[in-house]
Amino acid sequence: MSTTPTKTTVTPRIAVLAIQGDYDAHAAALRDAGAETVLVRKPEELATIDGLIIPGGESTTFLKFLARDGFLNALQDFVRQKPTFGTCAGCILLAKEVRNPPQESLAVLDATVERNAYGRQIDSAILEAETGLAGGPLEMVFIRAPRIVKTGPAVEVLALRDGFPVLIRQGHILAATFHPELSSDRRVHRLFVDLVRAARQ
Ligand code: GLN
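According to our numbering, the residues represented by the sequence shown are 4 to 204, in order.
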């Protein structure tokens with residue numbers, strides 16, 4: 004019997020964009036899900052990684068930071084080629100169209116996203132719902148969440164809240180309007196690690 008590991012057992016190297024937001028919680032979740040993790044803060048650091056998480060935070064703050072050193076263009080090139088998972092503000096950055104108000108984005112995900120769409124009183128919530136993932140209801144933590152109001156034909160909807168998609172996939176791109184890193188359930192991060200493994204093959 005060969006002792007060479009099969010490709011599916013190779014540990015993928017996944018980065019978290021560590022400009023702002025809860026990147027440490029994402030890194031911990033990725034490690035739990037079987038990835039080697041690194042934090043990236045410079046465009047040149049994108050060269051050595053297999054996948055990337057763009058975390059939640061404030062999308063306008065991300066945009067200000069990314070405007071420097073050609074980071075936005077480098078990130079756009081990366082996302083076109085390699086698996087990327089955007090959560091909350093990260094989902095806003097990936098979307099083709101952003102509303103409330105309109106703002107610049109990487110425009111790689113065929114979706115229209117409305118920022119801060121749940122209003123002030125119910126701007127944060129913890130819900131449980133069945134999703135496209137096996138293993139029963141999934142806890143979903145929403146914090147000043149955006150709403151995905153439109154998706155293109157290449158987008159697969161994996162979970163809904165009040166009839167609107169909250170977890171979607173378009174090929175090697177995954178996006179959630181909630182914060183899976185804040186729950187102990189690692190199914191969403193495992194799904195992303197599996198996407199990264201599949202893309203490496
Ligand atoms: N409200 C934020 C925005 O519009 C997103 C909130 C979050 O990432 N938790 O960018």
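Glycine included, each C-beta is placed from N, C-alpha and C at the ideal position.
Measuring only the C-alpha atoms, how far is residue i from residue j?
i	j	result
A128	R164	11 angstroms
G37	K85	18 angstroms
R83	V111	7 angstroms
N76	A132	36 angstroms
E117	L96	11 angstroms
Q23	P156	32 angstroms
A21	V43	6 angstroms
D80	A18	15 angstroms
G174	D113	11 angstroms
A162	L170	5 angstroms
P104	A120	11 angstroms
Would residue i be called buried (16 or more neighbouring beta carbons within 10 Å of its own) or exposed?
i	result
T64	exposed
G138	exposed
D3	Past the boundaries of the shown model lies residue 3; the chain is included only from 4 to 204, so the question cannot be answered.
K10	Here K10 scores only 48 on pLDDT, less than 50, and its place in the model should not be relied on; the value that follows carries that caveat. K10 comes out exposed.
E184	buried
S108	buried
T154	buried
D72	exposed
D25	buried
A179	buried
A32	buried
S62	buried
Run the proximity test for residue i: is its beta-carbon closer than 7 angstroms to any non-hydrogen atom belonging to the ligand GLN?
i	result
S186	no
I95	yes
P149	yes
G89	no
A92	yes
G54	no
S62	yes
For the beta strand (DSSP E) that residue i lies in, which residues bound it at each end?
i	result
I52	Unbroken run through I52: none, as it is neither H nor E.
D3	The question about residue 3 has no answer, for the chain in this structure spans 4 to 204.
R150	150 to 154
Which residue comes first and which comes last in the alpha helix (DSSP H) that contains residue i?
i	result
T64	62 to 69
L96	92 to 97
- Note down, one range per segment and in chain order, each beta strand (DSSP E) of at least 3 residues found wholly within the region 110 to 189. Whole beta strand (DSSP E) segments, 3+ residues: 112 to 117, 127 to 132, 141 to 146, 150 to 154, 159 to 164, 167 to 173, 176 to 179.
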